[in-house]
Structures are given as C-alpha cells and as structure tokens.
Amino acid sequence: MTQYAILIFEREAEGGQTAELPPEIIAAHEALPGRIVEKGGKELGGIALEPSATATTIRGDLVTDGPFIETKEALAGVFVIEARDLDHAIELAALTPIVSGGVEVRPLVGLDFSGLTS
Amino acid sequence: MLAATVRVTRDLDAAEEAVQDAYVQALTRWGRDGVPARPGAWLTTVARRTALNNLRRQRTLRAKLPLLLMDVDDSASVEAAVLDDAAPIPDDRLRLIFTCCHPALSQEAQVALTLRLVCGVSTPDIAHAFLVTEPTMAARITRAKKKIAAARIPYVVPAAADLPARVDAVLTVIHLLYATGHTAHSGENLVRDELTGRALDLARMLRPLLPSEPETAGLLALLLVHQARRATRTDADGRLLRLEEQDRSVWDAALIEDADRLVVGALRAGPPGRFTLQAAIAALHAQAPGYAETDWPQILTLYDELLRRWPSPVVALNRAVAVSMVDGPAAALAEVLELEEDGRLAGYRYLPATKADLLTRLGRHAEAAAAYRAALALSDNAAEQEFLQDRLSRTLPP
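Chains as they are written, first to last, in our numbering: chain A, 1 to 118; chain B, 1001 to 1398.
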C-alpha cells in the first residue's frame, strides 16, 4: 500500500471567504472514511483549513496578509489515504464531496523501492 | 521482451537494464555456441532471469535495512510469474501500453514512453521525430518514469468499467503517432515511414488483445485507409494534393477492402465510437469512384453522429466540407464563420484554408486570398506552404 495526500481545492467567495458548507457535504465528509474502507483503502487522517482570508504569508523577512498563492480555488483541506496504486487512489479520491472545485492526488514520500506496484 | 521483464522487476529502468544485459550475453554466447532455435524466447528468458537475480540481490540488501519493509506477498507472485514460462506475453505488452498511456501522464509523455518502451525506439530517434533535442526528450522520458514509480501508476489492464476510456487514451496515442509520421516535415521521409509503421504495428497488435473493444478495429481501419492512400498524398515533387486531385487508381485496394471489413464489423458491434466513425468516413471516400461521385449525404450523416459523440471544433470544421458538398459552399461558409467566431480554433491553419477554399468556390477571390495568406502564416510545413502558395496564386487575377 502507498500513502497519498488528497488536497481539496474549493472555490472561495470574494475576499477569500468561505460560505458555510451545505449540510449534505458535511454529512458526506463524515461518511467518507467508511466508504474508503468499503473500497479497500484507509483514511489515515486529515485537516480542514479556515478560509484563505485568514492566512498569513512569510517570504524571507516579509510578512503579508493572505495565502502564498492567490487562486480562485483555494486549498481547503488535506487528508491522507492508503491505496494499492494510483488507480485505486484516484477511485478513492473521487469519493471526496466537493461543492465547486476539485481534488489533487499526490503520493507521499516513502521509503519504498519496489517500483511500479505493490 | 521488455514488457515480460517489467512484470518481474516492476520497475522500468531495472527491466531495460536486464534486457540490455541479455543482448550483451547473447553476443558472447551466440558467437561461441551458435544462435539458439528461438532467439527471441532465449533473450526474454535471460532478461527475466537477470532481472530476478538483480531483484533477489536487492532484497537481501533490503533485509539488512530494518526500516524498509518488504512486501512478502509480492515477492511470491513475482517468483511465480518468472517461473511460469507459459505466461501469456501479449498480456504483458497490453499492461505496458496501458501504463505508458495512463491519463495521469501528459500526452507528450504518453507518446514518448510508448515509442521508447513498447516499440523500443531509441531516445535520439524519438527526439528527432518530435523535433526536440535529445536531452529534452531524455528528460521527458525520465520524468515520466519517475512519476510512474513515485505515484505508483499500476502495471495492469484496467478494470472493465474503466476500459473504454482507457482504451480511448491508448488509441489516441497511436493515432497521434501515425498523424505525426503522416504530416512529418518535408524531407523527413525516413521518420515518417518509421512512425507510421510503428503506429500500424501497435494498432494491429492491440486488436486481438482487446477483442471486446470495437474501437480498436475502428482505429486500425482508419490507419489502413490513410496507408492505402499515402502514395497519392503528394505529387512527384512532394507537393500536397487535395483529395479531388489524387489518382484513385493508385490507392491500395486490398488495404481499403481490409479497412472496410473492419468498419463493418465495428459498426455491427454496437453504437460506434469516434475512431469507427472516422474510419467509416475515410472508407466511404476511399471507395468512391471520384470526388464528385462520393456519397456526400452519407458522409454528412456520419459527421453528424461523430460530432454528437465527439463535440470537437476540428470535427465541426471537417463536417463543414461535407456540408459544402451537400448544401453548397454558402451554407458551409456560414458554419466556418461561426467556428471562427467561437475562437477555439484560433491558430489552427486548416480553418483559414477551408474558409479560403469555400470563398474561392463562391467567386469571392479577394477574401479568399486574404484567408490563404492567414493560413500560410500559420503553417510551418514546407509541403503545405507550397500548396497554399499555389492556391493563393490561383485566386489572383492572371
């Protein structure tokens, strides 16, 4: 099994505010770990972020208001899963409830030298 | 051979190394003992054995590093695979091509990897075919291999539910290979034949391996029709010829017949996909006694269906040509102008070229000349430029 980070990007309202999440999205998030297990994977944990308007950026000595990269869809949360391979990880990541945006799948750096598949 | 060896190593670089090693061993052994009865099988067996030995050596090393966990189940299956010499090698090639054409890789990486790993074309040759420097191509291939390893793109034939979409990605790569060879810059005939030949080999290989996917027959049929007409694409001086100017008696009737049989079979298999529809259109053209005598209404119907299945502005542009033959150039021009407005084909040289052709047919020569000039500015292919220049000169008063 390989570990992947699922990065959730959601569209933010003007000024980096996030609207309240609809209840069905919250319910789907609560059900997500169970659905991932049903499909043969595992959720190892995750974090949810306050909207990007609350972010502070530090470049060298300069401290500024706002996120490091300003985008229409901002990083809203990250969770880590275990999956057999990229196809499996994509299948699991596609279960993520999304309002208006998408997810990015990234393998975690691991000490694994077995090559193409597990 | 590489495909069979990857299954042992699960690592493309290790497999390539083992295959090269096998060739080196063959040089000394065959020189001494003579060439074996089945040289290909001999090489594959040696490459897999070398790969397995290397793998065992690595495992011993890994066992000494307590932090690194070894996947025990996997080692058992790898040994089973290598000991089972009757393992179907075609499946390995199929796995390899699905890995190379995985949608998580960029399309240019998919094409390069397929040529390098499935067809065994050398990196300098691939660089030459795609007009990039050798280090650029080498870096592209290395990056793709690193992603396959780091993101763990699996070495498997996709599940049935995903198969049609994944087959489409593979067929797209093969079609792109053929198209690159087909429109290679002038004076690059060697590259051209190499690429089109590889693409045809791949399409032929894929069909029996994926009998449940009619689109594999569609793609092969499409390439066969292109191939049947390749001799008349240009004249003796290398100038491009329009379909209506081509000498149809030179077309390879046997290939066209093969293509037609494949199209009929694919159409019977269910709702046709985009490659089958394109092949059906190409086959209709190929079987017509002349340009004017072509079954244009039928071609337009096929384009309508193709546009429904594959709503691409390029398809819409090609459909406009069929419209001009059924409803006249004015109706077609209206559709081309709409496409121009839409903007998605900005920079696509066939749009102004098609527009210019329709304007010429409508007798609007000054506007046609402007459109030919716009097409010329967008073309980087010598044969095409000459063709457009010739068309342009005909729009001007003598």
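Beta carbons are placed, not taken as given, at the ideal position from N, Cα and C, and that holds for glycine.
First and last residue of the beta strand (DSSP E) that includes residue i?
i, result
"A/Y4", "T2 to R11"
"A/A76", "E73 to A83"
"A/R59", "T56 to R59"
Excluding the 5 residues preceding and the 5 following residue i in the sequence, name in chain order all residues of the same chain whose CB lies nearer than 6 Å to its CB.
i, result
"B/I1141", "A1112 and R1116"
"B/A1259", "A1221, L1224, V1225 and A1283"
"B/D1201", "none"
"B/M1325", "W1296"
"B/Q1025", "V1046"
"B/G1181", "R1192, L1195 and T1196"
"B/V1173", "C1101, Q1110, V1111 and T1114"
In chain order, what residues of the same chain have a beta carbon less than 7 Å from the beta carbon of residue i, not counting five sequence neighbours either side?
i, result
"A/F68", "T57"
"B/A1320", "A1332, E1335, V1336 and T1354"
"B/A1330", "L1362"
"A/H29", "P97"
"B/Y1419", "The structure shown does not extend to residue 1419 of chain B, since chain B spans only 1001 to 1398, so no value can be given for it."
"B/A1138", "T1123"
"B/A1231", "V1250"
"B/E1384", "L1240"
"B/A1151", "A1104"
"A/L7", "L75, V78, V103, E104 and R106"
Under 7 Å Cβ-Cβ, which residues of chain B neighbour residue i?
i, result
"A/L86", "A1104, A1151, R1152, I1153 and P1154"
"A/T2", "R1152"
Name the chain B residues that come within less than 8 Å of residue i, Cβ to Cβ?
i, result
"A/P107", "A1150, A1151 and R1152"
Where does residue i land, buried or exposed, given buried means 16+ other C-beta within 10 angstroms?
i, result
"B/D1235", "exposed"
"B/D1092", "buried"
"A/L116", "Model confidence at A/L116 stands at a pLDDT of 44, short of 50, so the residue's coordinates are unreliable and nothing is read from them."
"B/L1388", "buried"
"B/T1395", "buried"
"A/K72", "exposed"
"B/Q1107", "exposed"
"B/L1333", "buried"
"A/Y4", "buried"
"B/Q1020", "exposed"
"A/G60", "exposed"
"B/V1078", "Because the pLDDT of B/V1078 is 41, which lies under 50, any placement of that residue in the model is unreliable, and the question is left without a value."
"B/A1086", "Residue placement at B/A1086 is flagged as unreliable, the pLDDT there being 42, under the threshold of 50; the coordinate-derived value follows with that caveat. So B/A1086 counts as exposed."
"B/T1044", "buried"
The alpha helix (DSSP H) spanning residue i covers which residue range?
i, result
"B/E1293", "Per DSSP, B/E1293 belongs to no alpha helix (DSSP H) and is neither H nor E."
"A/T64", "A/T64 -> not in any alpha helix (DSSP H); beta strand (DSSP E) instead, spanning L62 to D65."
"A/L109", "Before going on, a small fix: residue 109 of chain A reads as Val here, not Leu. Run containing A/V109: none; DSSP gives neither H nor E here."
"B/L1224", "P1214 to A1228"
"B/R1274", "R1274 to Q1287"
"A/E50", "Taken as a continuous stretch (DSSP letters only), A/E50 belongs to no alpha helix (DSSP H), as it is neither H nor E."
"B/G1328", "Premise fails: B/G1328 is in no alpha helix (DSSP H) and is neither H nor E."
"A/P23", "P23 to E38"
"B/E1257", "A1253 to R1268"
"A/A89", "L86 to A93"
"B/A1127", "T1123 to A1129"
"B/V1111", "Q1107 to L1113"
May I ask whether a heavy atom of the ligand ATP can be found less than 8 Å away from the beta carbon of residue i?
i, result
"B/T1216", "This structure simply doesn't include the ligand ATP, nor any ligand for that matter."
What does a CB cutoff of less than 8 Å around residue i pick up in its chain, not counting 5 residues either side in sequence?
i, result
"B/V1072", "Note on B/V1072: pLDDT 31, under 50, position unreliable in the model; the coordinate value appears next. Around B/V1072: no qualifying Cβ."
"B/L1339", "P1313, A1316, L1317, A1320, L1345 and L1351"
"A/F9", "T71, E73, A74, L75, A76, G101, G102, V103 and E104"
Beta strand (DSSP E) segments (min. 3 residues) lying fully within the stretch 1144 to 1191 of chain B = none
key: alpha helix (DSSP H) runs contained entirely in the stretch 1012 to 1051 of chain B, provided each spans 4 or more residues   = 1012 to 1033
key: Continuous alpha helix (DSSP H) assignments of at least 4 residues falling wholly in the stretch 1342 to 1397 of chain B   = 1350 to 1361, 1365 to 1378 and 1382 to 1395
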